[in-house]
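Reviewing the structure listed below.
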Amino acid sequence: MRLAEAWRVALGALRANRLRSGLTMLGVVIGVAAVVVLVAIGTGTRYEVERQVEGLGSNLLLVFPGEANFTAAPAVSRLTLADVEAVAQVVGDRDRVAVQVASGETVRADDASRFTSVLGVLDTTPQVFVRDLRRGSYLTRSDVDTARRVVVLGSRVAQDLFGEREPIGSQVTIAGVRFRVVGVFASIGQGLGVDRDDQVHIPVTTAHRLLGTERIDAIAVRAPDRSAIDSLGDQIVAELRERHPETEFSAVTQEEIIGVLGDILGILTWVLAAIAGISLLVGGVGVSNIMLVSVRERVREIGLRKAVGARPRDIGVQFLLEAVLLTSLGGVLGIGLGVGSALLAAELSPVPAAVTGWSMALAFGVSAAVGIAFGVIPAQRAGRLDPVTALRSE
Amino acid sequence: MTVAPAIEADAVWRTYPMGATTVTALRGVSLRVEPGDYLAVVGPSGSGKSTLMHLLGGLDQPTGGRLAIGGRDVATLTPNQLAQLRNQLVGFVFQSFHLLPRTSAVDNVALPLVYRGTSARARRQRAAAMLGEVGLSHRLDHRPNQLSGGEQQRVAIARALVTDPSVLLADEPTGNLDTATGEAVLGLLERLNRSSGVAVVLVTHDREVAARASRQIVMRDGQVVEQVVG
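Here the protein sequences line up with chains H and Z, keeping their order.
Going by our numbering, the residue at position 303 of the first sequence is 302; the numbering climbs one at a time, nothing skipped.
One gets our numbering by counting positions in the second sequence from 1 and adding 7 to each.
See the structure below:
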């Protein structure tokens, strides 16, 4: 029998049992869609995290007390502004060094208030991180040197406190202390799990006075070029260790953060794909089951076909094609459903989803392979049926 | 000059294992089907005539003796070769028609041609012509459930003859039909036997039906007990 003919026969058989074919296919559709969607979410999450880390700025070096280990408990910081000075000496350019001391405080303007992250920072922050202002200006060196009570608001904070009113020049209170608003950030979105629109920046000196502390939580350095990053990190860590022999310090680059997070998320993506793969396998078992039923139901047809000259192989191919057609069709529909769901999820929810060609190809390949693997046994059984017995069956 | 027999059975046995025991369906049956023969195999149910028909058509193989279809010893053939032999030399007509449901008359008739790789267009042409010969030109695209029993059996006969076989094996072809319709089907078989020269082997338990054949083979308990030349 010609292959084209066999396809036609298989298609006809599936059409003859539309509901059953449809339900069997549904198992495969769901399995394939699950693979595509979960891989898309895993991949999308990874891209998103990489984008956020890269969005911090390039050639960035983050220095903090403790070990560079995502599972270690955060160490208590012993860094002070004097250490920052020393780091600036090592870097040789004060403008390349940024610091942060953070605290959660309530910010008020007239009736409105918002609990937000208050970050004590240097005036160098915009030179180290990528951070655009929408209105006004950033903190100045003299603001830091004289510990002025001035504040730059994140876009969400500004929106909450002032709505459509002009915030620049207005007064706000932070933990009960009055500040003057000098600038508002442009909206920038999430960064590594922190909503960077939901924070305010004040001079680090003012922050120390407000919080009654001297500490610095972390230092960030923008290296002059990529090649200088590693040695600069080593020098800074060495300098800080000399100043605080009892404390461990770490310096990590953006690439290192991306690398570690990327590895974790890559594993996560594969785990998700494997879980989805199980549902695809279950769909395949459904196909196998239905094919066995189909063979049993059409025993007389098989007997007749054999009587008029079908070889065992012709019958086997016919049923195998039927199974492959079921799963491939299910695979195509599943990819459609999966891509649609992933795009919809990305559109309507904060879940990032990136549909990749390889996940579609994999899902389709697996579903077709499932059809072959689970169709072989029923097909062989059909091919080997004894024609006399088959013709006699009722 | 002698013409080679279409089918030649020589002391053919067929036994089936049935649990611990063995059931013997045929015990040493010998017969020849000559080209253009019109032969009836008659006998009560259980006499082995259906088993004999399956053997003569290459659907089954004997467990003893020698059986040659178209001059080829079936014992030496693989399942694939046997399938090819059925496709080329034999046509079957069954009591219960065995038409594919949800398939038009013309596609049912064309089915054997599918397995010899005939193109779709040529298949349809040949099948339509064959349906014309059995008087069903107006029923090409009807499905079996839209046809009467007599029409269904005529479709089955067209299917059996579409490959131009040398032997047509009919197992109780009138068994599911009323007397008048059965009569018409038998008339058709006789006419086709005369016009195309296909040998017809008619398996029946009906003595009257058998009496219309040119030759009768009477079976009982797996053996040929009598040959009648009529």
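Quick reminder that beta carbons are idealized off the backbone N, C-alpha and C, glycines included.
These numbers were taken from a predicted model, which means no experiment stands behind them.
{"Check": "Element boundaries [alpha helix (DSSP H), containing Ala143 of chain H]", "Outcome": "Per the sequence shown, the amino acid found at residue 143 of chain H is Val instead of Ala. Element bounds for Val143 of chain H: Arg140 to Asp144."}
{"Check": "Nonlocal neighbours in the same chain, by C-beta distance under 6 Å from Ser340 of chain H, ignoring five residues either side", "Outcome": "Val36"}
{"Check": "Whole beta strand (DSSP E) elements within the segment 148-201 of chain Z, 3-residue minimum", "Outcome": "174-178"}
{"Check": "Between the CA atoms of Leu199 of chain Z and Gln160 of chain Z - distance to the nearest angstrom", "Outcome": "14 Å"}
{"Check": "Assigned secondary structure, His200 of chain H (DSSP; H/G/I helix, E/B strand, else coil)", "Outcome": "strand"}
{"Check": "7 Å Cβ cut-off: residues of chain H touching Gly124 of chain Z", "Outcome": "Arg1"}
{"Check": "Backbone CA spacing between Thr105 of chain H and Gly26 of chain H [nearest angstrom]", "Outcome": "53 Å"}
{"Check": "Reference Val181 of chain H; option with closest CA among H:Gln170, H:Asp233, H:Gly175 and H:Gly315", "Outcome": "H:Gln170"}
{"Check": "Cβ neighbour criterion (16 or more within 10 Å) applied to Ser57 of chain H", "Outcome": "exposed"}
{"Check": "Opening and closing residue of the beta strand (DSSP E) in which Phe24 of chain Z lies", "Outcome": "According to the sequence shown, residue 24 of chain Z is Pro rather than Phe. Looking at the DSSP string, the run of the beta strand (DSSP E) that includes Pro24 of chain Z is Ile14 to Met25."}
{"Check": "Under the three-state DSSP convention, the category Ala9 of chain H falls into", "Outcome": "helix"}
{"Check": "Closer than 8 Å to chain Z by CB, Glu296 of chain H", "Outcome": "no"}
{"Check": "Straight-line Cα distance separating Arg79 of chain Z from Ser221 of chain Z", "Outcome": "26 Å"}
{"Check": "Which of helix, strand or coil DSSP assigns to Asp228 of chain Z", "Outcome": "coil"}
{"Check": "Residue burial classification, Gly153 of chain H (beta-carbon count within 10 angstroms, cutoff 16)", "Outcome": "buried"}
{"Check": "Minimum Cβ-Cβ distance from Asn183 of chain Z to chain H less than 8 Å", "Outcome": "no"}
{"Check": "Members of the segment 32-54 of chain Z near chain H, C-beta cut-off 7 Å", "Outcome": "none"}
{"Check": "The segment 32-43 of chain Z touching the segment 385-392 of chain H, judged by at least three CB pairs closer than 8 Å", "Outcome": "no"}
{"Check": "Continuous beta strand (DSSP E) stretch holding Glu104 of chain H: start and end", "Outcome": "Val96 to Ala108"}
{"Check": "Spatial neighbours of Met137 of chain Z in its chain, beta-carbon cut-off 7 Å, leaving aside the 5 residues before and after", "Outcome": "Val116, Ala165, Leu168 and Val169"}
{"Check": "Leu120 of chain Z versus Ala127 of chain Z: straight-line alpha-carbon distance, rounded", "Outcome": "9 Å"}
{"Check": "Option nearest Thr473 of chain H by Cα separation, candidates H:Glu66, H:Ala101, H:Gly91 and H:Ser230", "Outcome": "There is no way to answer for residue 473 of chain H, as the model of chain H reaches only from 0 to 393."}
{"Check": "Contact check, His149 of chain Z vs Ser111 of chain Z, beta carbons under 8 Å", "Outcome": "yes"}
{"Check": "Three-state secondary structure assigned by DSSP to Gln102 of chain Z", "Outcome": "coil"}
{"Check": "Same chain, Cβ closer than 7 Å to Arg34 of chain Z, neighbours up to 5 away in sequence not counted", "Outcome": "Trp20, Gly229 and Gln230"}
{"Check": "Residue from H:Ile167, H:Ile235 and H:Ser102 whose Cα sits closest to the Cα of Ile173 of chain H", "Outcome": "H:Ser102"}
{"Check": "Residue-level contact to chain Z via CB, Arg299 of chain H, 8 Å cutoff", "Outcome": "yes"}
{"Check": "DSSP three-state assignment for Arg77 of chain H, whether helix, strand or coil", "Outcome": "coil"}
{"Check": "Glu213 of chain H CB to nearest heavy atom of the ligand NAD below 7 Å", "Outcome": "Within the structure as shown, the ligand NAD is missing, as the structure has no ligands at all."}
{"Check": "Closer than 8 Å to chain H by CB, Ala117 of chain Z", "Outcome": "no"}
{"Check": "Val331 of chain H - containing alpha helix (DSSP H), residue span", "Outcome": "Pro311 to Leu347"}
{"Check": "Close beta carbons around Val62 of chain H, own chain, < 8 Å, minus the five adjacent residues each side", "Outcome": "Val86, Ala217, Ile218, Ala219, Val220, Gly232, Ile235, Val236, Leu239, Phe248, Ser249 and Ala250"}
{"Check": "8 Å Cβ cutoff, Asn87 of chain Z in contact with chain H", "Outcome": "yes"}
{"Check": "Listed by chain order, chain Z residues near Val316 of chain H by CB distance under 7 Å", "Outcome": "Ordered by position in chain Z, no residue passes the 7 Å Cβ test against Val316 of chain H, which lies about 12 Å from the chain."}
{"Check": "First through last residue of the beta strand (DSSP E) which encompasses Tyr46 of chain H", "Outcome": "Careful: Tyr46 of chain H lies outside any beta strand (DSSP E), inside the alpha helix (DSSP H) at Arg17 to Gly54."}
{"Check": "Complete alpha helix (DSSP H) runs within the segment 23-65 of chain Z (minimum length 4 residues, chain order)", "Outcome": "56-63"}
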